[in-house]
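Here is the structure we will look at, set down as structure tokens.
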Amino acid sequence: MKSIILLALSLCSSLAMAGESCVYPSKRDDGSVAYFEDCGVVEGDGLELNGEHAENLAFDSNGMACVILAASDAFYLLQDGRSQRVLFFDNGCDYFREGLARGLVKDRMVFIDERLETVLTPGFDLLLPYDYGHAVVCNGPFVEEQHREHTLLRGGQCGLMDKQGRIVVEAVHAVGDNEVFEHYLNHNSHCPAPPLRSEEAALCHAKRHVANMDHHSAQWKRQEISRQGAVWLVTFVEEGDGDEEFTLTLNADSAQWGSLIPESHDEARQRLKP
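For the sequence shown, the positions run -18 to -1, 1 to 256 when mature numbering (1 follows the signal peptide of the UniProt record, and there is no 0) is used.
If you want it as structure tokens, here you go:
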């Protein structure tokens, strides 16, 4: 949860006229996203596409497709006809993280699974994506700050919720107070609690962090680890055909990772040399 929280949030009306335009992945365009008119009708928190568009919609390997209406209403549709309004995020439908995405039911955020079924209704104004098996949940009021094309939220009363919907960190912290949530996650994992005094403990947390990253794996064919002051350096090569080295920095006191850079162990040691 190191990243700055950036949200593109649109909570629009629940009725779209049949003549409203939309974009979706099109069979006629080899699966590329294309623009169309007269798309369909929104009914409650679902979308019914007109016949020609329902036939033209290209689904992904999971049998799912994202349709965006002109008003920035976002919907996931399944091949069996089910649909669900979701958060409009990053110019599309909200991503699935750890099997869950953020849906909208009567303009309130919920968590849905890949069958588009609501699995958690936390009752908070704002839900952030799941990360390390937990989600930051917040109530307002918030202060909005514009950051390029995104809206940065400040303030609020935020806590941490697990996959069972239990609040494990009380919702009394500001939306950007990540250190509180990182402290809980780093002290309540399968790895030894910090401070990290041994290579085994540092390696456990390094693999835990890397496993949580997109486009990386905790399956390594070789690794090297050393400590430089208050920082552990963990260099690894992932299993597969390549031999690219990555070095992760890990705070020995908190077990929080700092950076992941494509470099050798010696290069990292030189870079961090006092």
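Built from N, CA and C at the ideal position, the CB exists for glycine as well.
Remark: three or more beta-carbon pairs, one from each stretch, lie closer than 8 Å, so the stretch 183 to 190 and the stretch 201 to 217 are flagged as touching. According to the DSSP assignment, L167 belongs to the alpha helix (DSSP H) that extends over 160 to 169. For the 7 Å CB-CB criterion, D95 and V101 form a contact.
No residue range can be given for V157, since it is assigned to no beta strand (DSSP E) and is classified by DSSP as neither H nor E. As a beta-bridge residue in DSSP terms, G22 pairs with L31. Exclusion of the five residues before and after D27 leaves S(-5), Q66, R67, G85, L86, V87, K88 as the residues of its chain whose Cβ lies within less than 8 Å of its Cβ. V23 has its alpha-carbon roughly 47 Å from the corresponding atom of G240.
Counting only the Cα atoms, C75 lies some 15 Å from N44.
Counting only residues of its own chain and dropping the five nearest sequence neighbours on each side, S246 has a CB closer than 8 Å to the CB of T217, E227, T229. For Q238, the secondary structure class from DSSP, reduced to helix, strand or coil, is coil. In the displayed model, A184 falls within a helix according to three-state DSSP. Nearest to L82 by alpha-carbon distance, out of V118, P111, P174, I243, is P111. R204 and V125 have their C-alpha atoms some 46 Å from each other.
Relative to T103, the option among I149, G138, Q128 whose CA is nearest is I149. A contact is defined here as three or more CB-CB pairs under 8 Å, and the stretch 187 to 197 fails this definition with respect to the stretch 153 to 162.
In the three-state reduction of the DSSP assignment, H191 falls in the helix class, which pools H, G and I.
If you check the CB distance, N38 and S8 come in under 7 Å.
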